[in-house]
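Take a look at the structure below.
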Ligand SMILES: [Cu+2]
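Residue numbers (the working numbering): 17 to 187.
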């Protein structure tokens with residue numbers, strides 16, 4: 017019965033495998049306690065994590081002739097349990113950064129500025145040519161292919177998230 021005596025002190029620290037093993041030889045009450053402990057730990061860990069969305073595969077399309085207006089693309093993953101809303105973007109490499117959406121209206125490609133972009137939990141926003149994109153205006157200095165550009169997004173809760181975008185040469 018050593019397992020029973022040592023149980024209360026160690027139940028929070030036991031690796032799950034050992035807890036599972038012991039559950040087979042203990043009675044129902046400690047088993048319920050153990051389940052509670054196993055389930056409570058991840059719940060506490062979740063609320064402590066400062067979860068922010070992540071920019072994946074960010075890239076910038078440079079235009080031929082060194083045009084001072086570029087477009088940024090990529091995927092913004094929200095792996096968090098809460099929705100996030102992006103309300104702004106800025107970069108030390110550009111005078112101005114806006115979130116845009118391209119649309120085909122009556123056969124004409126138009127774009128409009130998006131004031132905010134909401135991303136549901138476990139969803140992603142995809143910025144791609146012909147759709148949503150970052151409009152990067154007034155580069156502070158010429159952006160060369162291969163350059164890594166940092167873009168800072170502002171979230172509606174006041175937090176900021178950093179994304180990296182790699183410049184590609186015009187095709
Ligand atoms: Cu645009």
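Just so you know, even glycine gets a beta-carbon here, dropped at the ideal spot from N, CA and C.
Could you spell out the range, first to last residue, of the beta strand (DSSP E) harbouring residue i?
{"i": "residue 174", "result": "Here residue 174 belongs to no beta strand (DSSP E), and DSSP marks it neither H nor E."}
{"i": "residue 73", "result": "70 to 77"}
{"i": "residue 156", "result": "First-last for residue 156: undefined, no H or E at that position."}
{"i": "residue 118", "result": "110 to 121"}
{"i": "residue 127", "result": "124 to 129"}
{"i": "residue 81", "result": "Taken as a continuous stretch (DSSP letters only), residue 81 belongs to no beta strand (DSSP E), as it is neither H nor E."}
{"i": "residue 104", "result": "100 to 106"}
{"i": "residue 163", "result": "Careful: residue 163 lies outside any beta strand (DSSP E) and carries neither H nor E."}
{"i": "residue 136", "result": "Per DSSP, residue 136 belongs to no beta strand (DSSP E) and is neither H nor E."}
Throw me the rounded Cβ distance for the residue i and residue j pair, which I believe falls under 8 Å.
{"i": "residue 109", "j": "residue 165", "result": "5 Å"}
{"i": "residue 135", "j": "residue 158", "result": "Not quite, the Cβ-Cβ distance comes to about 32 Å (not below 8 Å), so this is no contact."}
{"i": "residue 130", "j": "residue 152", "result": "Contact flag wrong, Cβ pair sits at about 15 Å."}
Hey, which residues come within less than 5 Å of ligand 1, measuring from Cβ to any heavy atom, in chain order?
116, 127 and 151
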